[in-house]
Amino acid sequence: MKIAALLAVAALAHGQDAAPAGTAAAGSASAPPAAERHWRLGAAFGYGERSNPLIQSDDIPVIVDLDVAWFGKRWFFDNGDIGYTLADGPRSTTSMVARLNSDRIFFGKTDTRYVNITYLSGNATTPAPPLLAPVEVKPPDRDYAIELGVESLLDGDWGAATLRAYHDVSGTHGGFELAAYYSRRFTTGRFSLEPTLGVSYKSADLNDYYWGVHANEASAALLEYHAGAGFNLEGGLVANYYISRNLRLALSFNYERLADDIADSPLSEDDYVMAYFSGLAWTF
Amino acid sequence: MRRRLAGVLISLAAAVPATAADLPAARLFVKPLLCVIDRETPGCSMTFDIRWKSEAAAEYCLNDSAQKAPLRCWPSLSSGTHTEKRDVTEAFIYWLGGPDGTQRVAEIRIEVLRLDSADRRRERRNRHVWDVL
Numbered sequence: 097m098k099i100a101a102l103l104a105v106a107a108l109a110h111g112q113d114a115a116p117a118g119t120a121a122a123g124s125a126s127a128p129p130a131a132e133r134h135w136r137l138g139a140a141f142g143y144g145e146r147s148n149p150l151i152q153s154d155d156i157p158v159i160v161d162l163d164v165a166w167f168g169k170r171w172f173f174d175n176g177d178i179g180y181t182l183a184d185g186p187r188s189t190t191s192m193v194a195r196l197n198s199d200r201i202f203f204g205k206t207d208t209r210y211v212n213i214t215y216l217s218g219n220a221t222t223p224a225p226p227l228l229a230p231v232e233v234k235p236p237d238r239d240y241a242i243e244l245g246v247e248s249l250l251d252g253d254w255g256a257a258t259l260r261a262y263h264d265v266s267g268t269h270g271g272f273e274l275a276a277y278y279s280r281r282f283t284t285g286r287f288s289l290e291p292t293l294g295v296s297y298k299s300a301d302l303n304d305y306y307w308g309v310h311a312n313e314a315s316a317a318l319l320e321y322h323a324g325a326g327f328n329l330e331g332g333l334v335a336n337y338y339i340s341r342n343l344r345l346a347l348s349f350n351y352e353r354l355a356d357d358i359a360d361s362p363l364s365e366d367d368y369v370m371a372y373f374s375g376l377a378w379t380f
Numbered sequence: 004m005r006r007r008l009a010g011v012l013i014s015l016a017a018a019v020p021a022t023a024a025d026l027p028a029a030r031l032f033v034k035p036l037l038c039v040i041d042r043e044t045p046g047c048s049m050t051f052d053i054r055w056k057s058e059a060a061a062e063y064c065l066n067d068s069a070q071k072a073p074l075r076c077w078p079s080l081s082s083g084t085h086t087e088k089r090d091v092t093e094a095f096i097y098w099l100g101g102p103d104g105t106q107r108v109a110e111i112r113i114e115v116l117r118l119d120s121a122d123r124r125r126e127r128r129n130r131h132v133w134d135v136l
């Protein structure tokens with residue numbers, strides 16, 4: 097099932113074409129310059145936040161957004177992702193990519209709290225007696241997972257799409273994720289606007305590792321819970337105003353609706369992840 | 004003898020009309036300076052407002068790097084303006100010089116920023132926490 101999903105993404109995206117990487121992008125109204133620098137370096141300074149759906153956790157502030165990427169003919173490094181391009185054609189590019197799972201980031205800023213557990217009595221007018229001692233509630237630790245997968249990038253006059261299928265290869269969660277995104281950039285004058293829609297399917301193993309309450313973690317305040325598979329839905333908007341060739345004013349907003357099995361977890365206090373950022377971005 | 008030769012050279016120099024090398028310094032102002040192009044907007048239709056100002060009056064010509072002939076020349080003036088409409092797809096330079104085109108006293112580059120890329124991997128989105136753009 098998992099391997100079939102990976103292969104299906106590649107096959108769906110590519111069909112027959114398999115030209116060397118780094119050749120022309122098709123469908124463009126005019127051919128972009130042939131020579132582009134291998135390195136892409138940039139930094140955005142401003143303020144933004146990514147909300148954290150994990151209980152007793154802080155939202156994640158974003159003050160600096162660094163962009164460090166290197167693109168070779170087949171190998172590439174893109175802000176932590178390492179990829180090898182398998183095929184590049186006029187309509188799509190397919191690569192094998194290794195990455196770190198993104199769910200782990202929510203488990204980095206947690207607090208321990210103590211709660212008093214009260215029994216619900218049959219008589220509502222009778223105050224329930226507290227337990228003997230407050231119960232410690234601490235979100236459990238989770239590890240980073242290294243995931244390996246296939247990613248296909250497609251574009252044309254209709255916009256751009258990304259198809260992804262990743263599987264854990266580090267033995268951390270043992271699950272997989274399938275995702276599809278669509279975006280289209282509109283440019284007028286110095287202003288560009290790019291809305292994005294996406295959907296991702298996360299397997300039960302993946303969701304349960306990060307968002308389940310495992311038997312050894314359960315307590316009176318944190319009941320055992322097993323998360324199943326589910327779909328996350330996502331929408332976003334990025335706007336840029338180009339002040340010069342290197343400097344732009346950037347605004348972004350992203351909203352992700354978490355799958356019910358994640359949202360219903362005792363570890364989740366929100367059923368969404370929201371992120372925004374505004375600032376000045378410099379591309380070297 | 005040596006004094007006489009020097010006097011002849013000085014008088015000859017005075018008689019030579021002002022050449023491009025003698026152009027007084029000038030400043031060039033152009034708006035706008037940037038064209039942003041993309042897959043669906045492969046060029047910019049731009050109207051350039053061009054101004055120049057020099058320290059002293061002289062014959063100046065406005066040129067661009069896309070063609071040999073001057074766009075416009077001004078006889079013995081210390082300032083000038085020019086408006087030009089053009090479709091831009093590549094970076095180029097407006098420059099101010101003498102009528103013979105040998106000297107540039109001021110120049111301004113019109114930049115073209117291309118948002119799409121020949122390598123579509125450069126447009127991939129990441130899901131990392133710090134990647135919000």
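From first to last, the protein sequence lines stand for chains A and B.
Under this note's numbering, think of the first position of the first sequence as 97, with each following residue one higher.
Under this note's numbering, think of the first position of the second sequence as 4, with each following residue one higher.
Just so you know, even glycine gets a beta-carbon here, dropped at the ideal spot from N, CA and C.
Small disclaimer: the values here were computed from a predicted structure and weren't measured.
So residue i packs on residue j, CB below 8 angstroms; how close in whole Å?
{"i": "N350/A", "j": "G332/A", "result": "4 angstroms"}
{"i": "Y288/A", "j": "A256/A", "result": "Reading off the sequence shown, one finds Ser at residue 288/A, where the question assumed Tyr. Between A256/A and S288/A the Cβ distance is about 13 angstroms, and since that is not below 8 angstroms, they are no contact."}
{"i": "S364/A", "j": "A346/A", "result": "With a Cβ gap of about 30 angstroms, S364/A and A346/A do not count as contacting."}
{"i": "L259/A", "j": "A276/A", "result": "5 angstroms"}
{"i": "A371/A", "j": "R200/A", "result": "Rounded, the Cβ-Cβ distance is 16 angstroms, inconsistent with contact."}
{"i": "R136/A", "j": "D163/A", "result": "6 angstroms"}
Using the Cα positions of residue i and residue j, report the straight-line distance between them to the nearest angstrom.
{"i": "R127/B", "j": "L26/B", "result": "51 angstroms"}
{"i": "I40/B", "j": "E114/B", "result": "11 angstroms"}
{"i": "D356/A", "j": "Y368/A", "result": "10 angstroms"}
{"i": "Q70/B", "j": "I96/B", "result": "10 angstroms"}
{"i": "L441/A", "j": "W171/A", "result": "The question about residue 441/A has no answer, for chain A in this structure spans 97 to 380."}
{"i": "E67/B", "j": "G100/B", "result": "Residue 67/B is actually Asp in this sequence, not Glu. Straight-line Cα distance between these residues: approximately 10 angstroms."}
{"i": "D155/A", "j": "H134/A", "result": "34 angstroms"}
{"i": "P236/A", "j": "P149/A", "result": "14 angstroms"}
{"i": "R54/B", "j": "L116/B", "result": "24 angstroms"}
{"i": "E232/A", "j": "H322/A", "result": "21 angstroms"}
{"i": "G267/A", "j": "Y240/A", "result": "10 angstroms"}
{"i": "L31/B", "j": "L65/B", "result": "10 angstroms"}
{"i": "F167/A", "j": "F173/A", "result": "6 angstroms"}
{"i": "E290/A", "j": "G138/A", "result": "19 angstroms"}
{"i": "R123/B", "j": "V246/A", "result": "15 angstroms"}
{"i": "E320/A", "j": "W378/A", "result": "47 angstroms"}
{"i": "T44/B", "j": "L354/A", "result": "36 angstroms"}
{"i": "R281/A", "j": "S348/A", "result": "13 angstroms"}
{"i": "A220/A", "j": "K234/A", "result": "At A220/A the pLDDT is 49, less than 50, meaning the model places this residue with poor confidence and gives no usable figure here."}
{"i": "M49/B", "j": "H85/B", "result": "14 angstroms"}
{"i": "Q106/B", "j": "R89/B", "result": "25 angstroms"}
{"i": "I178/A", "j": "S299/A", "result": "23 angstroms"}
{"i": "R286/A", "j": "R341/A", "result": "10 angstroms"}
{"i": "S361/A", "j": "I242/A", "result": "24 angstroms"}
{"i": "G144/A", "j": "F202/A", "result": "16 angstroms"}
{"i": "L74/B", "j": "N336/A", "result": "34 angstroms"}
{"i": "D366/A", "j": "G308/A", "result": "15 angstroms"}
{"i": "A121/A", "j": "A109/B", "result": "Unreliable placement is indicated for A121/A, whose pLDDT of 33 sits below 50; the coordinate value is still reported in the next sentence. For A121/A and A109/B, the distance between alpha carbons rounds to 38 angstroms."}
{"i": "T284/A", "j": "A121/B", "result": "20 angstroms"}
{"i": "T33/B", "j": "E87/B", "result": "Here the sequence assigns Val to residue 33/B, which means Thr is not the residue at that position. One C-alpha to the other measures close to 11 angstroms."}
{"i": "C76/B", "j": "A183/A", "result": "54 angstroms"}
{"i": "P78/B", "j": "A165/A", "result": "52 angstroms"}
{"i": "R1/B", "j": "A314/A", "result": "Since the first and last residues shown for chain B are 4 and 136, residue 1/B lies out of range."}
Figure out for me which residue from the options has the closest Cα to the Cα of residue i.
{"i": "I339/A", "options": "L37/B, A28/B, F32/B", "result": "L37/B"}
{"i": "S57/B", "options": "G100/B, A28/B, I111/B", "result": "A28/B"}
{"i": "A316/A", "options": "N336/A, D251/A, P236/A, P230/A", "result": "P230/A"}
{"i": "G271/A", "options": "G176/A, Y297/A, L293/A", "result": "Y297/A"}
{"i": "A261/A", "options": "L244/A, H269/A, T268/A", "result": "L244/A"}
{"i": "S153/A", "options": "L182/A, K205/A, I242/A", "result": "K205/A"}
{"i": "I358/A", "options": "R281/A, V265/A, E313/A, N328/A", "result": "N328/A"}
{"i": "R238/A", "options": "E330/A, L293/A, Y306/A", "result": "Y306/A"}
{"i": "D52/B", "options": "G83/B, L118/B, G46/B, P102/B", "result": "G83/B"}
By the DSSP assignment, the beta strand (DSSP E) with residue i in it spans what residues?
{"i": "D90/B", "result": "75-91"}
{"i": "A300/A", "result": "Element bounds for A300/A: not the beta strand (DSSP E) but the alpha helix (DSSP H), 300-307."}
{"i": "E58/B", "result": "47-67"}
{"i": "A194/A", "result": "188-196"}
{"i": "R112/B", "result": "107-117"}
{"i": "A371/A", "result": "368-379"}
{"i": "D174/A", "result": "171-174"}
{"i": "D163/A", "result": "156-167"}
{"i": "L137/A", "result": "135-146"}
{"i": "D184/A", "result": "177-184"}
{"i": "R101/B", "result": "Correcting the residue identity first, residue 101/B is Gly in this sequence and not Arg. That residue, G101/B, is in no beta strand (DSSP E); it is neither H nor E in DSSP."}
{"i": "F202/A", "result": "Looking at the DSSP string, F202/A is not in any beta strand (DSSP E), and its letter there is neither H nor E."}
{"i": "R30/B", "result": "29-34"}
{"i": "E232/A", "result": "231-233"}
What are the boundary residues of the alpha helix (DSSP H) that includes residue i?
{"i": "A359/A", "result": "356-359"}
Cβ of residue i versus every heavy atom of the ligand NAP: is any distance shorter than 6 angstroms?
{"i": "I111/B", "result": "As presented, the structure is devoid of all ligands, the ligand NAP included, so that no description of it is given."}
In chain order, which continuous runs of the beta strand (DSSP E) of length 3 or greater are located wholly inside the region 240-288 of chain A?
242-252, 255-264, 272-279, 282-284
In the region 312-338 of chain A, which residue ranges form an unbroken beta strand (DSSP E) of at least 3 residues, counting only runs that do not cross its ends?
326-338
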